[in-house]
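Here the structure comes first, spelled out in structure tokens, and everything after it is commentary.
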Amino acid sequence: MSLKKKLIPALVAGVLATAATGASAVPFTGVYVFGDSLSDAGTYRPGLSVALGSAAAAAALGRFTTNPGPVWAELIATTYGGNGAPSNAGGGNYAQGGMRVALPSPASLVGPGGAQRPVSTQITEFLTPRNGAADPNALYAVWVGANDLFSNLGLFQAGAIDQATLQSNVLAAANAEIAQIARLRAAGARYILVFNIPDVGATPQFAGPLASSVTALSVGYNVTLFTGLQATGTKVIPVDAFALLTDVRANASAFGFTNTTTPACLPAGSSSLTCSAANIPAGAATSYLFADGVHPTSGSHKIVADFVTSLIEGPNAYSTMAETPLAMRAAHIRTLEEGLQQGKAAPLGKITAFAAAEGSKSDISRNALSPQTDTKNKAVTVGVSMRASEDATVGLAIGTVKGESRLGGAGQFDVKENTLSAFASGRWGGFYGSLTASIADLKFDNVRRNIQLGPVSRTATSNTKGANSSASFMAGYDFALGGLSIGPFLSHTAQSVDVNGFSEANAGSASLKIMDQRRDSQVTGIGVRASLPLGAFTPFVRVAMEKENRNDERFVSANPLSVTSGNTYDIPAYRADSKWVTGAIGVRGRLAERIGLSVVYTSVSSKQSVKQDGVTASVSVDF
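Mapping of the sequence shown onto the numbering used here: residues -4 to 618, in sequence order.
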């Protein structure tokens, strides 16, 4: 078969790309690619240099696309800090045009000066100098299988095998790919992009009476691949290239394609391996879907790269949905604190009604594990307390906190929690302590994820619910130095946030299903507080060094909705700094005998990539 047959162009479709947010939010320590011509970044360039008699001429060729490319794998390597050059030029791209999963390829599929390097050999070449170990923090990709389909189609057309053997050989290749992916997993790889075969029957090479049969073979390979990975518990990031090509072809004009049926490279029938701008119509690199009979143009590769990026960045962006309620609960607890303090000043046996409100913001700068996330919180709490004895105060409160989170260009979500809280405090001489318990339901609305696929912008929409529960205590000792009260304290807050899973809509083949999230937090603080009565009002200050004790690595699990076999994958979630300083300064006192008032400013500092502050005000009435 001709070299151009060797790989399925369907790569071409792009979907699920990430929001246009610039550099990646998810860090990887490298990018390594295995496969065939759909990922080949220039393996045959040395052979072309000899054939053309010019290294300079060969330098601009050697990719199976509208050269000089780049192909999707090079774009992903740039995004995630890898070396996108071919492995025979010192890079991390081991893919070679014409290669099969584990068997030798027909000579017609091997380019100039090329060796037989099926994916099984490519993975061995990668693992051997690394003593069989794959870096668990690197990104890997496997895109193969089309040449196994082409090779067996050739045998079938030549009468060497029957239809049943054709089908069984293609499915055997899918099972062989599962085995190679399992090798990478066993070696330690955690993040493996696995592409299925696009609709080969929809490519120019197979247009005509064979199209439906070739499409059926593609479907059979894909079903075997993803169901087999799922059945064996082999976790991968499934890249549904079949759905992508279908999506792009159905919306060709939106993607900027004016031609989806004929190759851009001239003359007709030539291979894209040696195709350059001189061999294509003006603008064809972005207006044609296919470079040759089965390979995508560089414009199509950009869509694929965007698609892959979105698979990675999307779940990570959603990870902040489980982080925002932590700051929301802190705002609610601060309103409770003011109500409690006002109740402690009431006459013995009296009931105090209070209302408190806070406006605060919590901004997470774009960093290695998060998009820019700016959240504005508005908390309102009403409650009652009673000074049960000379030393004890108890109370109940209900509250609402509304948060608006904007994820830079990546998307947004709004969240509301309705909270029920109980609290109590006691004092024994200079010793004091307080305890608060809160439960709340969460409602996430206006959840949006912005997806850029080449020239196409899409917005995935969704809504979901969740829960937020917490318990906190503070204990300390106040020394009396004249009118000044000062002393150390210890605090601890335990909190659990649950975000229910949800499915995106309105993003076509880019839509994801996000699984349930859980964020557990255990924050311990040690600090000092001081206050000084000045007439009817008492200014106070409080500073604490706080530490998150549950800052373990967390993941968000997702599944492309188009992958019905249910293959879920895990992407690292946002991970906040584990140590910071919280300071508060305020004043509380009595406007009249039965009316209390307080105003407090709180700020979080020394927390990497995070800025938080807010103002709390309360009013109380004794009955």
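Even for Gly, the Cβ is constructed at its ideal location relative to N, Cα and C. Every value quoted in this text rests on a predicted model; they were computed, and no experiment measured them.
Asked                                                                                                                                                                         : Found
Would you kindly check if the distance between the Cβ of Ser103 and the Cβ of Met94 is under 8 Å?                                                                             : no
In three-state terms, what does DSSP make of Ser510?                                                                                                                          : Looking at the sequence provided, one finds Met at residue 510 rather than Ser. Met510 falls in the coil class under three-state DSSP.
Note down, in chain order, each residue of its chain lying with its Cβ closer than 8 Å to the Cβ of Ile176, except the 5 sequence neighbours on either side.                  : Val137, Ile187, Val189, Leu224, Thr229, Val231
For Pro81, write down the residues that DSSP places opposite it in a beta bridge.                                                                                             : Asn88
Less than 8 Å between the beta carbons of Ile521 and Ala539, yes or no?                                                                                                       : yes
Reducing DSSP to helix, strand and coil, say where Asp143 ends up.                                                                                                            : helix
Assuming Ala553 and Leu507 make a contact with CB atoms under 8 Å, what is their CB distance in whole Å?                                                                      : 5 Å
Give a yes or no on whether the C-beta atoms belonging to Trp472 and Gly482 are separated by under 8 Å.                                                                       : Note that residue 472 is Tyr in the sequence shown, not Trp. Their beta carbons are under 8 Å apart, which means Tyr472 touches Gly482 by this criterion.
Does any residue of chain C have a CB that is nearer than 8 Å to the CB of Lys230?                                                                                            : No chain C appears in the structure shown, which is made up of a single protein chain.
By the three-class DSSP mapping on this structure, what secondary structure does Met381 have?                                                                                 : strand
Roughly how many whole angstroms lie between the Cα atoms of Ala466 and Val614?                                                                                               : 24 Å
If contacts are defined as beta-carbon pairs under 8 Å, then Thr227 and Arg244 qualify, I think. What distance do you get, rounded to the angstrom?                           : Not confirmed; about 32 Å, so no contact.
Assess contact between the stretch 411 to 422 and the stretch 382 to 401, defined as three or more Cβ pairs (one per stretch) separated by less than 8 Å. Is contact present? : yes
Taking the runs of the alpha helix (DSSP H) that are 4 residues or longer, which of them lie wholly in the stretch 99 to 126?                                                 : 114 to 122
Do Ala317 and Gln517 count as a contact pair if the criterion is CB distance below 8 Å?                                                                                       : no
Can you tell me the Cβ-Cβ gap for Val610 and Glu332, rounded? I've got them flagged as a contact below 8 Å.                                                                   : So it is not a contact: roughly 14 Å between Cβ atoms.
Note down the Cα distance separating Ile298 from Glu543, rounded to an integer number of angstroms.                                                                           : 40 Å
Quick check on the DSSP output: the beta strand (DSSP E) that includes Tyr39 runs from which residue to which?                                                                : Unbroken run through Tyr39: none, as it is neither H nor E.
What ranges does the alpha helix (DSSP H) occupy inside the stretch 314 to 373, keeping only unbroken runs of at least 4 residues that lie completely in it?                  : 319 to 339
Span of the beta strand (DSSP E) holding Gly25?                                                                                                                               : Note, Gly25: premise wrong, no beta strand (DSSP E); not H, not E.
DSSP has Trp138 in a bridge; who is on the other side?                                                                                                                        : Gly30
If you check the beta carbons only, do Ala286 and Cys260 fall under 8 Å apart?                                                                                                : yes
At the level of alpha carbons, what is the spacing between Thr292 and Gly561?                                                                                                 : 31 Å
Between which residues of its own chain and Ala55 is the CB-CB distance below 8 Å, once the five residues before and five after are set aside?                                : Asn62, Pro63, Ser271
Taking the runs of the beta strand (DSSP E) that are 3 residues or longer, which of them lie wholly in the stretch 156 to 191?                                                : 186 to 190
By Cβ distance, which residues of its chain are closer than 6 Å to Ala341, with the 5 residues on each side in sequence left out?                                             : Thr347, Arg382, Asp617
Report the three-state DSSP secondary structure of Arg401 (helix, strand or coil).                                                                                            : strand
Put Glu308 into one of helix, strand or coil per three-state DSSP.                                                                                                            : helix
Under a Cβ-count criterion, where at least 16 other Cβ atoms within 10 Å of its own Cβ denotes burial, should Ala126 be classed as buried or exposed?                         : In the sequence on display, residue 126 carries Asn and not Ala. Answer is exposed; the Cβ neighbour count stays below 16.
The beta strand (DSSP E) spanning Asp608 covers which residue range?                                                                                                          : 605 to 617
Taking the runs of the beta strand (DSSP E) that are 3 residues or longer, which of them lie wholly in the stretch 486 to 547?                                                : 507 to 509, 512 to 526, 532 to 543
In three-state terms, what does DSSP make of Val599?                                                                                                                          : strand
Val165: which of Ala129, Leu148, Thr38, Pro131 sits nearest, CA to CA?                                                                                                        : Leu148
Whole angstroms is fine: what's the gap from Asn445's alpha carbon to Asn458's?                                                                                               : 15 Å
For Ala84 and Arg40, what's the separation of their Cα atoms in angstroms?                                                                                                    : 10 Å
Can you check which of these residues, Ser34, Gly25, Ala53, Gly37, is closest to Leu43 by C-alpha distance?                                                                   : Ala53
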